[in-house]
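Protein chains in written order, with the working numbering: chain X, 1 to 387; chain A, 1001 to 1387.
Let me begin by presenting the structure, written as structure tokens, before commenting on it.
Protein chains: 2
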Amino acid sequence: MLNFDYSIPTKIFFGKGKIGVLPAEIKKYGSKILLVYGGGSIKRNGIYEDITKGLKDNSIDFWELSGVEPNPRITTVRKGIEICRKNNIDLVLAIGGGSSIDCAKVIAAGYYYEGDAWDIVKDARKISKVLPVASVLTLAATGSEMDIFGVITNMDTNEKIGVGHPDMIPRFSVLDPTYTFTVPRSQTAAGTADIMSHIMEAYFSSTKEAFLQDRMAEALLKTCINYGRKAMDEPENYEARANLMWASSLAINGLLSYGKHRNWVVHPMEHELSAYYDITHGVGLAILTPYWMKYILDDSTVDKFAEFGINVWNIDASKDKYDIANAAIDKTREYFNLLEIPSKLSEVGIKEDKLEEMARQSVRKGNIGSLKPIGYEGVLNIFKEAL
Amino acid sequence: MLNFDYSIPTKIFFGKGKIGVLPAEIKKYGSKILLVYGGGSIKRNGIYEDITKGLKDNSIDFWELSGVEPNPRITTVRKGIEICRKNNIDLVLAIGGGSSIDCAKVIAAGYYYEGDAWDIVKDARKISKVLPVASVLTLAATGSEMDIFGVITNMDTNEKIGVGHPDMIPRFSVLDPTYTFTVPRSQTAAGTADIMSHIMEAYFSSTKEAFLQDRMAEALLKTCINYGRKAMDEPENYEARANLMWASSLAINGLLSYGKHRNWVVHPMEHELSAYYDITHGVGLAILTPYWMKYILDDSTVDKFAEFGINVWNIDASKDKYDIANAAIDKTREYFNLLEIPSKLSEVGIKEDKLEEMARQSVRKGNIGSLKPIGYEGVLNIFKEAL
């Protein structure tokens, strides 16, 4: 196990009706807040009304930044910073999934930065101070409600970049599983795939002696497998929604990666797909994952894939380890198909002409992956196989 | 899943050599500290020297309270409070295992309480303010390094009582697995049994829909089973020590019990044993656990024990569920025996004459246990079976 410094200070208020804590928690930081959210869904399902009524009743002044994109754009971040500066905002409250929360985080960090906000996305060392951030989660997927990261897209430069800073972690997040009851079938599926991908990015590491972390990763994968499809078929199944929601937070808050070497691989590849094509993040991850697995499967990785097959997919441990590994990869693909996610990039509109450019961008900071790092040739090969 | 409020703010500095962070972390709170520790082991193995050299080099003044008992006594707590008051201590630093940390926590809480410290142990509502607490862990067992609880014994009244307050949680803890290399064989075993018991107290709950938490509990149990005996046989096996150390913290910091009904059962029984006989806590837990399991095994609990057997002990899922449950209980006993812990209370000096009194004390606040609560008759029956 590698050395690590653990710090997960976000308070979580979990469960039905927990929105009631919001006014008192906000008042610990001030009385002027910016609401950051996406489309009109929170108005249709009553969440917006729940929240703003509580704010009004408690004399909390709020401004609004709506229309945050599924892949939030730097132009939207800039708008939010302007509202915060003009109104001396005390706290940025995201309502939504990862898009809104990521956007809120970078607004909060940009507030204190004198230059253009894109500078801090490209170089987190330029962040010195961050406004308090909090979130009300309405989609189980990115885990942004309990981590330090945000991902912002610049459509001018076709860049989608992740930025992290310890002070960007939400001070608190409200997780009410009933707030995800209205999440559409396809988004429930994509969210589940995103959670599973976060877990696998931590699980398939070169660090071999983090037994505890690996068993916990398997625990979370089994949770996603048990409830992903169920939540699609029974959108108001509280047990399914609650387990997926809590899994989304624990998958990426550090618990699974502390003590392990970490170098993500499928995420950087997918970031290029959605930077160029604006496809759904979780769908891109689910399509790429099994091709990536097949590509890196060899004598140096087969034991890990066999472990994955035995412990996650209950494959008979007495079989040949390559058979177990290949069956595990097949089962991973089948599960994503069960979530009604296609198996090919061409099915989501991706064409051959930009594959080389996207592959180059994927590895612009160096090789990606921990268990078996890959470079340009590897990424391009995976893209072509997946097409 | 039940509603919950999650907050685990303790910072963890984990790994070999992490003691180097100590002076800078202490200085965030002040420059006058009280060291709280047990016997002379930290002087023999060099940990005391490591720490005090760092303090002196950084002009941090320290006072010392040594001789904290394995079951820390209220008389020792009172001594610590007196030292803190006389010297305007800024932070209480425990060096050791649960005994020292528990003692430090109650000293820190008692510092601001005007009456006698035993009052706050008996009624945590009397705690209003707590001095900052931190720890350097030298024994993987109680998880006190990352939770809000302390257990204090009053030998005058034969009471051993747990007290918890959110502000009693350590601000930070240093977990260097090499600091546990010199832990004797028997204490390594008892510590592992203690960790396993914490996990099982959370696992065997009446809440059935906390799938995620149950899979994580199994992950931690498998970690203990994989490394407990190994750490006894190879005391300087870093991988084993590291996995056990991190398991000790995660077992009881709330992660496994958030969202579940919680009412501990084997711990309150064991607390009476060690209040009356001063036996090793982990040994008492390990002896009692399988007898408690057998006692509550019936149609209402058999599914949970079968799940335990299949997921933790790899028992063939196609067998009859009572056979799986009984085999799982046997395997639990066999594992504790493998840790060289006896199977009978009489083997650790416990006599029949006080069983009734201890059983009455175990349930003085009401029935104990969550999966299937038990009262006086149940506890007495378990004690007699275990004798």
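Backbone N, C-alpha and C define an ideal beta-carbon position, used for all residues, glycine too.
Computed from a predicted structure; not experimentally measured.
Counting only beta-carbon separations shorter than 8 angstroms, does residue i have a partner in chain A?
{"i": "X/Arg-215", "result": "yes"}
{"i": "X/Leu-212", "result": "yes"}
{"i": "X/Met-1", "result": "yes"}
{"i": "X/Tyr-29", "result": "no"}
{"i": "X/Gly-15", "result": "yes"}
{"i": "X/Asp-303", "result": "no"}
{"i": "X/Asp-194", "result": "no"}
{"i": "X/Ser-471", "result": "Outside the displayed span of chain X (1 to 387) sits residue 471 of chain X, for which this structure offers no information."}
{"i": "X/Trp-313", "result": "no"}
{"i": "X/Glu-25", "result": "no"}
{"i": "X/Lys-11", "result": "yes"}
{"i": "X/Thr-242", "result": "The sequence given here places Ala at residue 242 of chain X; Thr does not occur at that position. True, the Cβ-Cβ gap to chain A drops below 8 angstroms."}
{"i": "X/Asn-253", "result": "no"}
{"i": "X/Ala-134", "result": "no"}
{"i": "X/Trp-63", "result": "no"}
{"i": "X/Ala-202", "result": "no"}
{"i": "X/Asn-71", "result": "no"}
According to DSSP, what are the bridge partners of residue i?
{"i": "A/Tyr-1006", "result": "X/Ile-12"}
{"i": "X/Ser-173", "result": "X/Ile-12 and X/Ser-135"}
{"i": "A/Lys-1222", "result": "Answer by DSSP bridge pairing: none, since A/Lys-1222 is not bridged."}
{"i": "X/Gly-369", "result": "X/Gly-369 is not bridged to any residue."}
{"i": "X/Tyr-37", "result": "X/Ile-95"}
{"i": "A/Glu-1159", "result": "A/Asn-1154"}
{"i": "A/Ile-1374", "result": "A/Ile-1368"}
{"i": "A/Gly-1017", "result": "Answer is none; A/Gly-1017 lacks a bridge partner."}
{"i": "A/Arg-1073", "result": "A/Thr-1153"}
{"i": "X/Lys-32", "result": "X/Asp-61"}
{"i": "A/Gly-1143", "result": "According to DSSP, which records beta bridges pairwise, A/Gly-1143 is partnered with nothing at all."}
{"i": "X/Gly-164", "result": "X/Phe-149"}
Which residues mark the beginning and the end of the beta strand (DSSP E) in which residue i is found?
{"i": "A/Leu-1065", "result": "1061–1065"}
{"i": "A/Gly-1150", "result": "1149–1154"}
Can you tell me whether residue i is buried or exposed, with buried defined as 16 or more other CB within 10 angstroms of its CB?
{"i": "A/Ser-1144", "result": "buried"}
{"i": "X/Ala-202", "result": "buried"}
{"i": "X/Asp-102", "result": "buried"}
{"i": "A/Asp-1057", "result": "exposed"}
{"i": "X/Ser-249", "result": "buried"}
{"i": "X/Asn-253", "result": "buried"}
{"i": "A/Pro-1166", "result": "exposed"}
{"i": "A/Gly-1349", "result": "exposed"}
{"i": "X/Gly-46", "result": "exposed"}
{"i": "X/Arg-215", "result": "buried"}
Hey, does residue i have any beta-carbon neighbour from chain X nearer than 8 angstroms?
{"i": "A/Leu-1220", "result": "yes"}
{"i": "A/Asp-1320", "result": "no"}
{"i": "A/Thr-1178", "result": "no"}
{"i": "A/Thr-1142", "result": "no"}
{"i": "A/Lys-1230", "result": "no"}
{"i": "A/Thr-1223", "result": "yes"}
{"i": "A/Lys-1260", "result": "no"}
{"i": "A/Lys-1018", "result": "yes"}
{"i": "A/Glu-1159", "result": "no"}
{"i": "A/Ala-1275", "result": "no"}
{"i": "A/Ala-1247", "result": "yes"}
What are the boundary residues of the alpha helix (DSSP H) that residue i is part of?
{"i": "X/Ala-202", "result": "185–203"}
{"i": "A/Glu-1357", "result": "1355–1362"}
{"i": "X/Val-130", "result": "Unbroken run through X/Val-130: none, as it is neither H nor E."}
{"i": "A/Gly-1259", "result": "It is not in any alpha helix (DSSP H) - A/Gly-1259 carries neither H nor E in the DSSP assignment."}
{"i": "A/Ile-1287", "result": "1281–1296"}
{"i": "A/Phe-1181", "result": "A/Phe-1181 -> no alpha helix (DSSP H), and no H or E assigned at all."}
{"i": "A/Asp-1330", "result": "1321–1338"}
{"i": "A/Ala-1242", "result": "1238–1250"}
{"i": "X/Asn-45", "result": "That residue, X/Asn-45, is in no alpha helix (DSSP H); it is neither H nor E in DSSP."}
{"i": "X/Ala-317", "result": "From DSSP, X/Ala-317 is part of no alpha helix (DSSP H); its letter is neither H nor E."}
{"i": "X/Asp-119", "result": "117–122"}
Between the stretch 1190–1204 of chain A and the stretch 1260–1274 of chain A, do three or more beta carbon pairs fall short of 8 angstroms? yes
Decide yes or no for the touch test of the stretch 207–214 of chain X against the stretch 1177–1191 of chain A: beta carbon pairs closer than 8 angstroms, at least 3 of them. Under the three-pair Cβ rule at 8 angstroms, the stretch 207–214 of chain X does not count as touching the stretch 1177–1191 of chain A.
Please determine if the stretch 1337–1357 of chain A and the stretch 1277–1295 of chain A are in contact, where contact requires at least 3 C-beta pairs separated by less than 8 angstroms. yes
Would the stretch 1065–1081 of chain A count as touching the stretch 1114–1131 of chain A if we require 3 or more Cβ pairs under 8 angstroms? yes
Please determine if the stretch 1022–1029 of chain A and the stretch 3–16 of chain X are in contact, where contact requires at least 3 C-beta pairs separated by less than 8 angstroms. Too few Cβ pairs lie closer than 8 angstroms, so no.
Could you check whether the stretch 223–230 of chain X touches the stretch 314–323 of chain X, counting it as contact only if at least three pairs of C-beta atoms, one from each stretch, sit closer than 8 angstroms? no
Contact between the stretch 146–161 of chain X and the stretch 78–92 of chain X: three or more CB pairs below 8 angstroms? no
Three or more C-beta pairs under 8 angstroms: does that hold for the stretch 1237–1244 of chain A against the stretch 373–384 of chain X? The stretch 1237–1244 of chain A vs the stretch 373–384 of chain X: no contact.
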